[in-house]
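Right, one structure below, let's go through it.
2 protein chains.
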Amino acid sequence: MRSAIPMGPEPEYEKVVSGYQTFRSDDPFVCEWGGVLPEVDIAYESWGELSAVRDNVVLLHTGLSASSHARSHAQNTHPGWWEEFIGPELAIDTDRFHVICTNLLGGCYGSTGPSSTNPATGKPWATDFPIITVRDMLKAQMLLLDHLGIERLHASVGASLGGMQSLMAAALAPERVGRFVSISAAVCSHPQSIAMRFVQRQAVMADPDWREGHYYGESFPYRGLRVAREIGTLTYRSGPEWMERFGRQRVKDDMPRLDEDFQVESYLAYQGDKFCLQYDPNSYLYISKAMDLFDVAEGEGGSPRDGGAPAVRLVDVRAPALVIGVTSDILFPVWEQRELAKLLEDVGVDVTYLELDSPYGHDTFLIERDSVGEAVRAHLEA
Amino acid sequence: MRSAIPMGPEPEYEKVVSGYQTFRSDDPFVCEWGGVLPEVDIAYESWGELSAVRDNVVLLHTGLSASSHARSHAQNTHPGWWEEFIGPELAIDTDRFHVICTNLLGGCYGSTGPSSTNPATGKPWATDFPIITVRDMLKAQMLLLDHLGIERLHASVGASLGGMQSLMAAALAPERVGRFVSISAAVCSHPQSIAMRFVQRQAVMADPDWREGHYYGESFPYRGLRVAREIGTLTYRSGPEWMERFGRQRVKDDMPRLDEDFQVESYLAYQGDKFCLQYDPNSYLYISKAMDLFDVAEGEGGSPRDGGAPAVRLVDVRAPALVIGVTSDILFPVWEQRELAKLLEDVGVDVTYLELDSPYGHDTFLIERDSVGEAVRAHLEA
């Protein structure tokens, strides 16, 4: 008797990315928390020439919602999310480096995730998909590197969740990582960041169309995901920029409305509207959860671990680190950046620490090409 | 064809408060933005004896979700929200002062609000209720003071939205306010605070059970309100306390869950569960919106104003002010407290400014009896 409920719009997330390559590993993939994926697809894009001795690879890790499309190329000419940071003579110089960026395990942009088909049932995994961790994301990326014959990375680079992955790479496989960059990330997720992601997940799961995750082929929880992205955007940007950009300006100077009214609200609503058709709600839940579970200080995850593998330890990190923090970041506050830099120094890592007084909050890494880009370039070329 | 949708729990907000008195004004109440309420009920509670010359009144203003029940009394023996601040020899000494606390216009605890009956239709106002402002809240409180024969307040006191009302009283009716206290409030709502409330309203309005506000007598949007309160709680408390209190502790040390899992999540869910049965979702929308519209720096609201009344101006404030800010407050950041204190000083107000380094964020005023209470006592008794 659901006929009274509109189906809602069709998801568009399959349209967002194209031009990626896919590697399939047919070996069972045992997740850190014990779930098993019978096969794993890893979608990826790359830029620049791989050197003959395969020693010039920069593995770039994405944040929660970004795809592998970090930079335009012949197979997909749309600008990527780090378009101005990757290219000849840019922060990651494609005249020198071969850059690889993968779509996240658990995502919806070509790598295996909750919207992928479960071979055992022929239906989407939905919430039968196993809990995954940042460590699992790294394990999947290492399978791709093995497949490509890349033994050692020149560098591992990322911001936000990408920074978590970058640090994880350096801790999980110290012999394979030459140096790494962690921008606006952390050594573990602290309770305020967990809380900020929890309320986003709650917004999705409170939507009746979420249906405990089994919404594929039916109306999907776009309303909940829209609210989640509005909350997310609130944590990605910050007060200083909004003061300047929006102030207390309203969209129209007439009777106030309970819905969008101030310009900052219109901005949040636009971000929510755009995103909710481009991302799979279940992927949002799983990847957001993986961020909460991230803890290299105490060891990723908890017991039981896969096959009794030892915990990932910060003390194993060897690679020189570039840690960048932003004073206006409310999601990964600057004190967490100082904590990460200090903990790395305490275990003997060569750390370059840069603190930026940008007004763009957590999203600074997407915007400040001069400061962020130059620091990354210097660290990669040192 | 809604039979497939569960009705959900019954709201309990009528049970939360009792023992208040109600004053009804039968004159049409013209709201700042032009709406008209044919009649207005103002529910209130009071403590301490009114002096013979009626010159010892402290008007206490509530935040968004609190009721007039600030302190227990014979008609309602449950502890109030400022139980340890009001009483003989406490911060607001009831041996000296007659304390009055009203329920907010627009609320659901006895004063006229969206759940009240619209006399024109015999049904609840719902979203036909007019847009209200903090100035309207004050105008309603002034009607009550007129009714009680109280010409002048010894003091106007409040925190959060209560602090906005307190400042509004001093600007709107400078001849009636002897001194005032603004704790964790602001001279106007800045875009980050507006954004934090917007996403809460969006969570309510995204719930299909909200029905554009016309849910009375049907299932009500408790899921959306629960998420809204979870977000609200995130903005009321802060990282430092949670680091100490919850850290990264999980509720159970087994397989992680997409739903409540870490202890901080369980805390947020508990706050959401409790609140969503005790507050009317439409009241949440209207009062939250009134907070966004608050602007004493530029004049409350915008045009058209009721009957061409002049804007409320900060320059009209005469009463000595106590302004209190908290460094860990993310909803009304401490820079907003400094801004308010400075702007008041700039217009010649005698300002006492106190900045607290408490870990409790925006909610510090509910907790820190020693620091907050002592400052309030000193200001009231000076």
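So the sequences go chain by chain: A and B.
Under this note's numbering, read the first sequence as residues 5 to 386, first letter to last.
Under this note's numbering, read the second sequence as residues 5 to 386, first letter to last.
Every residue gets a Cβ at the ideal spot worked out from N, C-alpha and C, and that includes glycine.
Item                                                                                                                                                                                                          : Value
If I'm right that residue 201 of chain A touches residue 295 of chain A with Cβ under 8 Å, what's the distance once you round it to whole angstroms?                                                          : 6 Å
Using the DSSP secondary-structure output, state which residues sit across from residue 27 of chain B in a beta bridge.                                                                                       : B/46
Output needed in chain order: residues of the region 203 to 216 of chain B with a Cβ under 8 Å from some Cβ in chain A.                                                                                       : 203, 205, 206, 207, 209, 210, 211, 212
So which residues of chain A does residue 194 of chain B contact, with C-beta pairs closer than 7 Å?                                                                                                          : 243, 247
Could you give the DSSP three-state label for residue 108 of chain B: helix, strand or coil?                                                                                                                  : coil
Taking the alpha-carbon positions, what's the residue 71 of chain A to residue 107 of chain A distance?                                                                                                       : 5 Å
Would you tell me roughly how many angstroms separate the C-alpha atoms of residue 22 of chain B and residue 83 of chain B, rounded to the nearest one?                                                       : 12 Å
Does residue 135 of chain B get closer than 9 Å to chain A when you measure Cβ to Cβ?                                                                                                                         : yes
Kindly indicate which residue of A/109, A/53, A/130 has the alpha-carbon position closest to the one of residue 98 of chain A.                                                                                : A/53
Go ahead and pull the three-state DSSP assignment for residue 202 of chain A.                                                                                                                                 : helix
Which class does residue 231 of chain B belong to by DSSP, given the choice of helix, strand or coil?                                                                                                         : helix
Shorter than 9 Å from the beta carbon of residue 15 of chain A to some beta carbon of chain B?                                                                                                                : no
Alpha carbon to alpha carbon, what distance is there between residue 230 of chain B and residue 279 of chain B?                                                                                               : 7 Å
Just to confirm my understanding: we take residue 237 of chain A, look at its own chain, exclude 5 residues before and 5 after, and list those with CB closer than 6 Å. What are they?                        : 272, 275
Can you tell me whether residue 32 of chain A is buried or exposed, with buried defined as 16 or more other CB within 10 angstroms of its CB?                                                                 : exposed
List the residues of chain A that residue 293 of chain B touches, going by C-beta distances under 9 Å, in chain order.                                                                                        : 260, 261, 262, 265
Can you tell me the Cβ-Cβ gap for residue 78 of chain B and residue 90 of chain B, rounded? I've got them flagged as a contact below 8 Å.                                                                     : About 15 Å; that fails the 8 Å criterion.
Any idea if residue 253 of chain A is buried or exposed, counting beta-carbon neighbours within 10 angstroms, 16 or more meaning buried?                                                                      : exposed
Residues of the region 14 to 48 of chain B with a CB closer than 7 Å to any CB of chain A: list them in chain order, please.                                                                                  : 37
Within the same chain, show all residues whose beta-carbon is closer than 7 Å to that of residue 167 of chain B, passing over the 5 residues directly before and after it, in chain order.                    : 186, 187, 188, 189
Let me check understanding here. Comparing Cα to Cα, which of B/47, B/180, B/197 lies closest to residue 336 of chain B?                                                                                      : B/197
List the residues that DSSP assigns as beta-bridge partners of residue 184 of chain A.                                                                                                                        : A/160, A/325
Here's the rule: buried if 16 or more other CB atoms are within 10 angstroms of the residue's CB, otherwise exposed. What is residue 55 of chain A?                                                           : exposed
Should residue 183 of chain B be labelled buried (16 or more other beta-carbon atoms within 10 Å of its own) or exposed?                                                                                      : buried
In the DSSP assignment, find the alpha helix (DSSP H) that holds residue 347 of chain B and state where it starts and stops.                                                                                  : 338 to 350
Compare the C-beta of residue 279 of chain B with all C-beta atoms of chain A and state if any pair is closer than 9 Å.                                                                                       : no
Between the Cα of residue 350 of chain A and the Cα atoms of A/151, A/320, A/293, A/132, which residue gives the shortest distance?                                                                           : A/320
Please go through the same chain and pick out, in chain order, the residues whose beta-carbon is closer than 7 Å to the beta-carbon of residue 208 of chain B, but skip the five residues on each side of it. : 214, 225, 228, 229, 232, 285, 288, 289
Starting from residue 114 of chain B, find everything on chain A with Cβ-Cβ shorter than 9 Å and list it in chain order.                                                                                      : By Cβ distance, chain A contributes nothing, its closest Cβ being about 22 Å from residue 114 of chain B, past 9 Å.
Would you mind sorting residue 307 of chain B into buried or exposed? The rule is 16 or more other CB atoms within 10 Å of its CB.                                                                            : Residue placement at residue 307 of chain B is poorly supported in this model, since its pLDDT is 44, which falls under 50; the coordinates still yield a value, given next. So residue 307 of chain B ends up on the exposed side.
So, is the C-beta of residue 367 of chain B closer than 9 Å to a C-beta in chain A?                                                                                                                           : no
I need the boundaries of the alpha helix (DSSP H) containing residue 368 of chain B, first residue and last residue.                                                                                          : 368 to 371
Tell me the rounded alpha-carbon separation between residue 380 of chain A and residue 328 of chain A.                                                                                                        : 9 Å
Please confirm if residue 337 of chain A has its CB atom under 9 Å from at least one CB of chain B.                                                                                                           : yes
Of the residues A/375, A/170, A/382, A/115, which one's Cα is nearest the Cα of residue 41 of chain A?                                                                                                        : A/115
Considering only DSSP beta bridges, list what residue 360 of chain A is partnered with.                                                                                                                       : A/330
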